[in-house]
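Accompanying notes for the structure given below.
Numbering (the UniProt record's numbering), first residue to last: 1 to 249.
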């Protein structure tokens, strides 16, 4: 199957995407914080979609992967806007299945309202909505809180690489776009998968999403020995099964 690799211009930045042609609904993969469309989960689902003749869209937010822009200038709403822009430009018509990994799960839930008429299903993979307020802020030291209050960046340990630099703007913007404080107005099929050994995002977060989302067709799969990345062959197989449950007639 043909995959188109390209960029679109959005707010002066080149946003990278890869669009696999095929039948709908189009699977849209939304990566996590500081991740990109070349991750193991995104590529596995690309292989799955190619084998089934199903369309798929992968993308990089600004400051991520091969997209333009500075990571430090990014915010939750900006990255959600990036995703919306790529979707609108590359796949302007037809039904969509949104797949959100970690922070991508927050982006996924923010896109529910503007794309309501097009969304055929949601799949959250260790979804991390509201993580700036609910996960990071409570863990900050007094010194880090003071840095943010004085408009200075902070650096936090990153188990996967160099320390992660977080800006005051990320927290300020995140606080304006929280999704777990009220009902999530989506009634379509929803699948959530989370590892119970996830040290970055507690598995209870997926239960909170299930409680908040309006859909009665919501399933949560907990992987007892699963970690945050959920990238082992068994994890990928479980994710694949959940995606297929959203696409079967």
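Note that beta-carbon positions come from the ideal geometry of N, C-alpha and C, so glycine has one too.
Could you give the C-beta distance for residue i and residue j, rounded to a whole number, given that I count them as a contact under 8 Å?
i, j, result
"residue 239", "residue 246", "The Cβ separation is near 11 Å, so there is no contact."
"residue 130", "residue 106", "7 Å"
"residue 98", "residue 28", "5 Å"
"residue 34", "residue 64", "7 Å"
Using only alpha-carbon positions, find the residue among the options that is nearest to residue i.
i, options, result
"residue 75", "48, 224, 37 and 175", "175"
"residue 67", "7, 56 and 78", "7"
"residue 20", "178, 116 and 50", "50"
"residue 3", "46, 34 and 108", "46"
"residue 148", "163, 159, 171 and 128", "171"
"residue 16", "61, 44 and 55", "61"
"residue 183", "112, 223, 152 and 165", "112"
"residue 55", "30, 18 and 31", "18"
"residue 30", "48, 95, 110 and 10", "110"
"residue 77", "243, 248, 227 and 177", "177"
"residue 94", "57, 108, 164 and 227", "57"
"residue 226", "11, 140 and 199", "199"
"residue 145", "127, 160, 168 and 161", "168"
"residue 222", "243, 233, 244 and 197", "197"
"residue 159", "243, 228 and 9", "228"
Alpha carbon to alpha carbon, how far is residue i from residue j?
i, j, result
"residue 59", "residue 80", "11 Å"
"residue 251", "residue 154", "It is not possible to answer for residue 251, since the shown part of the chain is limited to 1 through 249."
"residue 205", "residue 133", "13 Å"
"residue 114", "residue 88", "11 Å"
"residue 156", "residue 23", "42 Å"
"residue 25", "residue 150", "46 Å"
"residue 236", "residue 44", "7 Å"
"residue 207", "residue 118", "25 Å"
"residue 166", "residue 72", "7 Å"
"residue 48", "residue 5", "18 Å"
"residue 241", "residue 143", "45 Å"
"residue 250", "residue 53", "Given a span of 1 to 249 for the chain in the structure shown, any question on residue 250 remains unanswerable."
"residue 69", "residue 127", "25 Å"
"residue 140", "residue 248", "44 Å"
"residue 233", "residue 10", "36 Å"
Three or more beta-carbon pairs under 8 Å between the stretch 116-131 and the stretch 190-197, yes or no? yes
Determine, using beta-carbon pairs with one atom in the stretch 178-190 and one in the stretch 213-222, whether at least three such pairs fall under 8 Å. yes
Counting only runs that start and end within the UniProt domain "Serine aminopeptidase S33" (26-142), where is the alpha helix (DSSP H) found for 4 or more residues in a row? 40-52, 76-90 and 103-110
The stretch 100-118 in contact with the stretch 33-40 per 3-pair CB rule at 8 Å: yes
Taking only runs that begin and end inside the stretch 136-191, name each unbroken beta strand (DSSP E) of 3 or more residues, in chain order. 154-158 and 161-166
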